[in-house]
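Asker: Count the sequence shown with our numbering and you get residues 1 to 362, in order.
Each residue gets a CB set at the ideal place from its N, CA and C atoms; glycine is no exception.
A single structure is presented below for examination.
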Amino acid sequence: MRVGRIFGIDIYIDPSWILIFVVVAWMLSSDAGPLRSAGLSTPERWLFGSLTALLFFASVLAHELAHSLVARMRGLNVSRITLFIFGGISQLTGDFKSATGEGWVAFVGPLCSAVLAALFYVASQALGAHSALGLSTGYLWQANAALAVFNLLPAYPLDGGKVFHSLIWQATGDRRRATQIASAVGQSIAIVMIALGIFLAFTWSFINGLWLAFIGWFLFQAGRAEAYQSSLGAALGGQTASTVATMPPPPFRPDTTASDATQALLRSGQRAAAVVSDGRLLGIVTLSDLARVHVNAPGVQVSSLMTPVDKIKSVAPDSDALQALNLLAQTGFHQLPVVDQAGGITGFVTREGVLQRLALSN
Ligand SMILES: [Zn+2]
Numbered sequence: 001m002r003v004g005r006i007f008g009i010d011i012y013i014d015p016s017w018i019l020i021f022v023v024v025a026w027m028l029s030s031d032a033g034p035l036r037s038a039g040l041s042t043p044e045r046w047l048f049g050s051l052t053a054l055l056f057f058a059s060v061l062a063h064e065l066a067h068s069l070v071a072r073m074r075g076l077n078v079s080r081i082t083l084f085i086f087g088g089i090s091q092l093t094g095d096f097k098s099a100t101g102e103g104w105v106a107f108v109g110p111l112c113s114a115v116l117a118a119l120f121y122v123a124s125q126a127l128g129a130h131s132a133l134g135l136s137t138g139y140l141w142q143a144n145a146a147l148a149v150f151n152l153l154p155a156y157p158l159d160g161g162k163v164f165h166s167l168i169w170q171a172t173g174d175r176r177r178a179t180q181i182a183s184a185v186g187q188s189i190a191i192v193m194i195a196l197g198i199f200l201a202f203t204w205s206f207i208n209g210l211w212l213a214f215i216g217w218f219l220f221q222a223g224r225a226e227a228y229q230s231s232l233g234a235a236l237g238g239q240t241a242s243t244v245a246t247m248p249p250p251p252f253r254p255d256t257t258a259s260d261a262t263q264a265l266l267r268s269g270q271r272a273a274a275v276v277s278d279g280r281l282l283g284i285v286t287l288s289d290l291a292r293v294h295v296n297a298p299g300v301q302v303s304s305l306m307t308p309v310d311k312i313k314s315v316a317p318d319s320d321a322l323q324a325l326n327l328l329a330q331t332g333f334h335q336l337p338v339v340d341q342a343g344g345i346t347g348f349v350t351r352e353g354v355l356q357r358l359a360l361s362n
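In structure tokens form, the structure reads like this:
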């Protein structure tokens, strides 16, 4: 859900964020929360609690904006910032040209949180521990300090892990090796967090322990995804989209009926085919497009079900195979057509096709 735009960057919130916002607001407003000694009535406490929660998430957003703005200065594209249950993510596209670029982009996030922590600390000292604002800023400096410290853990892909990654990259000159080392260290830290979380859940606080284990699990998955990307990159090194693409089935004419097209696709064992007229590509029709038609609806033609050519993302035959896979993941489709200069489809890049190709070459 898009909620706004700052410095030309779209800000989105994930539905899971609403949950964490309510939990934080409730935690701050409850009888046992940090505002309990301010002498507020219950509605006032809820108002202050919610405002404090909003300021906390504004701090998270500031942390992400710091990443995004420095990334933009370093020549990367920032597609959006998303706030979700574990904090925020700056979605960056493009590649770091140097280790120092990566290091700085990662470092400014925790730096921003540390600066905010210092500002809120000064404010809380000035306002005193008995006013609602003093207690609220007191909570905010601690929360921002925790954010800075947690994100500086050298657990890739946390910010600290990325700084660590950039340092190894700088030292060895080998980016892929740096990713392997940083993900291995990150995954080890994640496992320690999960184990510690489970231990604390039974010996100290069930909720806090479980939360730590949950974050550890999330980190572990994220680290594994990064390591996978990196080893996939190594395995696909230098290959092009056309070498990993599967042969397309024979194309359909626009007036091919949906039932004929379904049968032809099922026979070929493929999920999609081009729709072509006079050698010109009109669009792509997939099994799921065809499944939208009622089996008994006669005479529905593929041209009315296909995704038209101007809505299709495609790659050139000589483009990088790993980039093609990443584009495929971004589009959310099952296949990415490989289109040559003449506008003809020479193949489809699919996840299964690439895995098969890798299995054959090993
Ligand atoms: Zn960060």
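How close, in whole Å, do the beta carbons of A241 and F252 come, if the pair is a contact with beta carbons under 8 Å?
Answerer: Counting from one through the sequence shown, the residue named residue 241 turns up at place 241. Counting from one through the sequence shown, the residue named residue 252 turns up at place 252. Contact doesn't hold; Cβ gap of about 23 Å is too wide.
Asker: Below 8 Å on the Cβ atoms is my guess for S277 versus A227; work out the distance and round it to an integer in Å.
Answerer: Indexing the sequence shown from 1 puts residue 277 at position 277. Indexing the sequence shown from 1 puts residue 227 at position 227. Their Cβ separation, rounded to whole angstroms, is 45 Å, which puts S277 and A227 out of contact at 8 Å.
Asker: Is there contact between the region 181 to 200 and the region 121 to 131, where contact requires at least three CB pairs shorter than 8 Å?
Answerer: The region 181 to 200, when compared against the region 121 to 131, does not touch it at the 8 Å Cβ threshold.
Asker: Inspect the beta-carbon positions of D159 and L152 and report whether they are closer than 8 Å.
Answerer: Within the sequence shown, residue 159 is the residue found at index 159, counting from 1. Within the sequence shown, residue 152 is the residue found at index 152, counting from 1. In this structure, L152 lies closer than 8 Å to D159 by Cβ.
Asker: Please report how far the alpha carbon of L35 lies from the alpha carbon of D95, in whole angstroms.
Answerer: Numbered from 1 along the sequence shown, position 35 holds the residue referred to as residue 35. Numbered from 1 along the sequence shown, position 95 holds the residue referred to as residue 95. Roughly 45 Å between the two C-alpha positions.
Asker: By alpha-carbon positions, which one of T257, L322, P337, A245 ends up nearest to G283?
Answerer: Position 283 of the sequence shown, counted from the first residue, corresponds to residue 283. Ranking the options by Cα distance to G283, first place goes to P337.
Asker: Tell me which residues share the same chain as L19 and place their Cβ nearer than 6 Å to its Cβ, disregarding the 5 neighbours each side in the sequence.
Answerer: For the purposes of this step, residue 19 is identified with residue 19 of the sequence shown, where counting begins at 1. Closer than 6 Å at Cβ, skipping near neighbours: no residue.
Asker: Would DSSP call V78 helix, strand or coil?
Answerer: Counted from its first residue, the sequence shown places residue 78 at position 78. Here V78 sits in strand by DSSP.
Asker: So, under 8 Å CB-CB, Y12 and R2 are touching, yes? Tell me the CB distance rounded to an integer number of Å.
Answerer: Here residue 12 refers to the residue found at position 12 of the sequence shown. Here residue 2 refers to the residue found at position 2 of the sequence shown. Sure, about 5 Å apart at Cβ, within 8 Å.
Asker: Could you give the distance in angstroms between the alpha-carbon of Q270 and the alpha-carbon of F333?
Answerer: Mapped onto the sequence shown, residue 270 falls at position 270. Mapped onto the sequence shown, residue 333 falls at position 333. Spanning the two alpha carbons is a distance of roughly 14 Å.
Asker: Can you name the start and end residues of the alpha helix (DSSP H) that I207 belongs to?
Answerer: For the purposes of this step, residue 207 is identified with residue 207 of the sequence shown, where counting begins at 1. Taken as a continuous stretch (DSSP letters only), the alpha helix (DSSP H) holding I207 covers 206 to 235.
Asker: Is the region 294 to 313 touching the region 195 to 208, taking contact as three or more C-beta pairs under 8 Å?
Answerer: The region 294 to 313 vs the region 195 to 208: no contact.
Asker: Have a look at T257, G101, F86, R351 and flag the residue whose alpha-carbon is nearest the alpha-carbon of P69.
Answerer: On the sequence shown, residue 69 is found 69 positions in, with the first residue counted as 1. Residue 69 is actually Leu in this sequence, not Pro. Residue G101 is the option with its Cα nearest to L69.
Asker: Helix, strand or coil, according to DSSP, for V96 in the structure here?
Answerer: To locate residue 96, count along the sequence shown from 1; it is residue 96. Residue identity check: residue 96 is Phe in the sequence provided, not Val. Reduced to three states, the DSSP call for F96 is coil.
Asker: When burial is assigned at 16 or more other CB atoms within 10 Å of the CB, is E352 buried or exposed?
Answerer: Position 352 of the sequence shown, counted from the start, is the residue given in the question as residue 352. Exposed, because fewer than 16 other Cβ atoms sit within 10 Å of the Cβ of E352.
Asker: Do three or more CB pairs link the region 48 to 55 to the region 128 to 139 at distances below 8 Å?
Answerer: Enough Cβ pairs lie closer than 8 Å, so yes.
Asker: Give me, in chain order, the residues of the same chain whose beta-carbon lies closer than 6 Å to that of G103; leave out the 5 immediate sequence neighbours on both sides.
Answerer: Translated into positions along the sequence shown, residue 103 becomes position 103. Correct list, in chain order: V163, S166.
Asker: With the cut-off set at 8 Å, would you say P110 and A148 are in Cβ contact?
Answerer: On the sequence shown, residue 110 is found 110 positions in, with the first residue counted as 1. On the sequence shown, residue 148 is found 148 positions in, with the first residue counted as 1. Yes. Within cutoff.
Asker: Smallest Cα separation from T246: which of G347, L61, V115?
Answerer: Here residue 246 corresponds to residue number 246 of the sequence shown, with the count starting at 1. Looking at the Cα atoms, G347 is the closest of the given residues.
Asker: Considering only the alpha carbon of each residue, which of D318, L325, V339 lies closest to V309?
Answerer: As a first step, residue 309 must be located in the sequence shown, where it is residue number 309. Nearest option by C-alpha distance: V339.
Asker: Tell me the rounded alpha-carbon separation between G161 and D320.
Answerer: Taking the sequence shown and counting its residues from 1, the one referred to as residue 161 is at position 161. Taking the sequence shown and counting its residues from 1, the one referred to as residue 320 is at position 320. If I take the Cα positions, the gap works out to 27 Å.
Asker: Taking the alpha carbon of W169 as the reference point, which residue from K97, V192, S304 has its own alpha carbon closest?
Answerer: Residue numbering aside, residue 169 sits at position 169 when the sequence shown is read from its first letter. Nearest of K97, V192, S304 to W169, Cα basis: K97.
Asker: Determine, using beta carbons only, whether T82 and G75 come nearer to each other than 8 Å.
Answerer: Taking the sequence shown and counting its residues from 1, one reaches residue 82 at position 82. Taking the sequence shown and counting its residues from 1, one reaches residue 75 at position 75. No. Outside cutoff.
Asker: I'd like the ranges of any alpha helix (DSSP H) spanning at least 4 consecutive residues and lying wholly in the region 280 to 317.
Answerer: If we require 4 residues or more, the alpha helix (DSSP H) runs fully inside the region 280 to 317 come out as 287 to 290.
Asker: Using C-beta distances below 8 Å, list every residue in its chain close to A114, excluding the 5 sequence neighbours before and after it, in chain order.
Answerer: For the purposes of this step, residue 114 is taken as residue 114 along the sequence shown, with counting starting at 1. Cβ neighbours of A114 beyond the five flanking positions: N144, A145, A148.
Asker: For D260, which residues does DSSP report across the bridge?
Answerer: Looking up residue 260 in the sequence shown gives position 260. Answer by DSSP bridge pairing: none, since D260 is not bridged.
Asker: At a threshold of 7 Å, does N151 count as lining ligand 1 (C-beta to nearest heavy atom)?
Answerer: Numbered from 1 along the sequence shown, position 151 holds the residue referred to as residue 151. N151 Cβ: within cutoff of ligand 1.
Asker: Among residues of its own chain, excluding the 5 on either side of V290, which ones have a beta-carbon nearer than 8 Å to its beta-carbon?
Answerer: As a working mapping, residue 290 is identified with position 290 in the sequence shown. Here residue 290 turns out to be Leu, not Val, going by the sequence shown. Only A258, A261, T262, L265, V302, L305 meet the Cβ criterion.
Asker: Please report the distance separating the alpha-carbon of A239 from that of L360.
Answerer: Taking the sequence shown and counting its residues from 1, the one referred to as residue 239 is at position 239. Taking the sequence shown and counting its residues from 1, the one referred to as residue 360 is at position 360. According to the sequence displayed, residue 239 carries Gln and not Ala. Rounded to whole angstroms, Q239 to L360 spans 14 Å at the Cα level.
Asker: Identify the continuous alpha helix (DSSP H) that holds Y139 and give its terminal residues.
Answerer: For the purposes of this step, residue 139 is identified with residue 139 of the sequence shown, where counting begins at 1. Start and end: 132 to 151.
Asker: May I have the straight-line CA-CA distance separating S188 from R280, to the nearest angstrom?
Answerer: The sequence position of residue 188 within the sequence shown is 188, counting from 1. The sequence position of residue 280 within the sequence shown is 280, counting from 1. Roughly 53 Å separates the two Cα atoms.
Asker: Would you tell me roughly how many angstroms separate the C-alpha atoms of A234 and S131, rounded to the nearest one?
Answerer: Along the sequence shown, one-based indexing puts residue 234 at 234. Along the sequence shown, one-based indexing puts residue 131 at 131. One C-alpha to the other measures close to 58 Å.
Asker: In whole angstroms, give me the CA-to-CA distance for A99 and T172.
Answerer: Along the sequence shown, read from residue 1 onward, the residue named residue 99 stands at position 99. Along the sequence shown, read from residue 1 onward, the residue named residue 172 stands at position 172. Distance between the alpha carbons of A99 and T172 is about 11 Å.
Asker: Name the two residues that bound the continuous alpha helix (DSSP H) containing D159.
Answerer: Within the sequence shown, numbered from 1, the residue matching residue 159 stands at position 159. Note, D159: alpha helix (DSSP H), 159 to 172.
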